[in-house]
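Each residue of the first sequence is one higher than the one before, counting from 223 in the numbering used here.
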Amino acid sequence: MPELPEVQTIVNELSQTIIGRIIKSCEIKRDSVIDRSSTDFRRAIRNCKFTSISRKGKYLIFQFDKPLWMIVHLRMTGKFILVADHQENRYGRVIFKLDNGLQMIFHDVRCFGTIELSSDIDKHKKLFSLGCDPWDKALTPESLAIKLRHRKASVKSILLNQSIIAGLGNIYASEILFDAKIDPTRVVTKLTLSQLKQLIKSTKKILASALKNNGTTISDYRRVDDKQGTFQNFLKVYGKQGEPCQTCKTPIQKIKQNQRSTFFCKICQR
DNA sequence: AGCGGAACCTGTCGGC
DNA sequence: TGCCGACAGGTTCCGC
């Protein structure tokens with residue numbers, strides 16, 4: 223579900239409300255969401271104060287007032303809800319009770335989401351294996367070309383690989399490739415340096431615009447407290463199969479790549 | 001090494 | 001109406 227712009231929106235909104243708050247207790251409704259026994263988890267997190275919230279790739283990172291971090295991945299359907307009282311909610315998987323009476327609910331229909339605790343964030347394997355941020359200065363056409371030089375996968379597949387660029391998902395991959403006028407099925411080593419340059423440029427452009435719109439709400443993604451993003455109003459290809467391309471009027475194609483939908487214009491994208 | 005497919009879990013939608 | 005398969009914004013594991 224949420225990609226970089228959605229996760230960043232949630233970071234921004236949670237920061238405004240929970241920095242400085244202390245977790246008084248925690249209720250775990252679904253054990254598979256957390257990375258240890260519920261007893262150990264509750265004990266570790268009790269009386270911790272939130273000092274900052276940040277994002278790496280699609281991971282949310284909550285920092286506390288001691289050497290402890292909570293690392294959350296929302297996967298497809300995870301979201302956070304802040305409420306004064308916890309009405310019984312079928313999909314509330316973990317409920318954090320804060321010192322100001324608010325409850326922060328981790329809500330996740332499909333239960334793919336994960337919550338982990340770490341006492342040494344620099345040694346967290348999954349975070350360590352992430353590629354660079356799209357706005358990282360180290361991301362240049364030349365560095366990308368070197369990193370991809372022996373790859374055989376399509377450019378769409380490479381965009382979804384979090385160890386190369388972190389934060390892109392299925393919606394923005396299609397939108398970025400349309401903006402860059404690159405065929406998603408193209409083997410990545412066949413791209414020219416100027417196409418790689420355009421790819422990086424389009425990535426930053428699309429993500430910045432999505433962020434400005436608080437993300438894309440199609441079905442499940444919600445901001446904190448169920449508010450919706452608005453970038454769905456600006457999508458040009460995702461979910462638009464059969465509709466005319468905004469540039470050349472040719473119907474948008476929908477294909478499957480690695481079991482996932484890709485949308486593109488076969489005329490504009492080469 | 002790195003690719004594609006299956007699996008994880010739950011809900012919804014479209015077709016017959 | 002009812003059932004059944006396909007599909008959903010992600011990642012990990014496995015076999016090749």
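For every residue, glycine included, the Cβ atom is placed at its ideal position computed from N, Cα and C.
Keep in mind that this is a model prediction, so the values were computed, not measured.
Beta bridge counterpart(s) of residue i as assigned by DSSP
i, result
"V316", "I250 and F328"
"T336", "H295"
"F350", "Paired residue(s): none; F350 is not in a bridge."
"P473", "P466"
"Q479", "R482"
Residue span of the beta strand (DSSP E) that contains residue i, given as start and end
i, result
"T484", "R482 to F486"
"T273", "F272 to K278"
"Q285", "Y281 to F286"
"V305", "G300 to V305"
Assigned exposure category for residue i - 16 Cβ within 10 Å defines buried
i, result
"F284", "buried"
"L381", "buried"
"A432", "buried"
"D330", "buried"
"W291", "buried"
"S379", "buried"
"K462", "buried"
"T484", "buried"
"K345", "exposed"
"Q230", "buried"
"N480", "exposed"
Distance between beta carbons of residue j and residue i, contact taken as under 8 angstroms
i, j, result
"T407", "S376", "5 angstroms"
"D401", "K427", "6 angstroms"
"V316", "I240", "About 14 angstroms; that fails the 8 angstroms criterion."
"E228", "G451", "7 angstroms"
"S385", "S351", "6 angstroms"
"L282", "I232", "7 angstroms"
"F302", "V446", "5 angstroms"
Endpoints, the alpha helix (DSSP H) within which residue i is located
i, result
"I380", "V377 to L382"
"F400", "N392 to D401"
"S365", "P363 to L370"
"I428", "L415 to K434"
"I256", "From DSSP, I256 is part of no alpha helix (DSSP H); its letter is neither H nor E."
"T452", "Per DSSP, T452 belongs to no alpha helix (DSSP H) and is neither H nor E."
"L236", "L226 to I240"
CA nearest to the CA of residue i, picked from the options
i, options, result
"N392", "L236, Y281, R315 and M298", "M298"
"Q491", "K412, L399, A306 and N435", "L399"
"V410", "K301, K369 and A388", "K369"
"R258", "E338, R243 and Q238", "E338"
"S441", "G300, F263, C467 and I386", "G300"
"A360", "D342, R252 and K419", "K419"
"K280", "I303, L349 and D342", "L349"
"K434", "L304, D253, R482 and Q454", "Q454"
"G242", "V446, I232 and N269", "N269"
"L421", "P356, K478, Q481 and H308", "P356"
"N322", "N311, F334, Y313 and D307", "D307"
"C248", "V305, S254, T261 and Q238", "T261"
"Q325", "C333, F334, C467 and N311", "N311"
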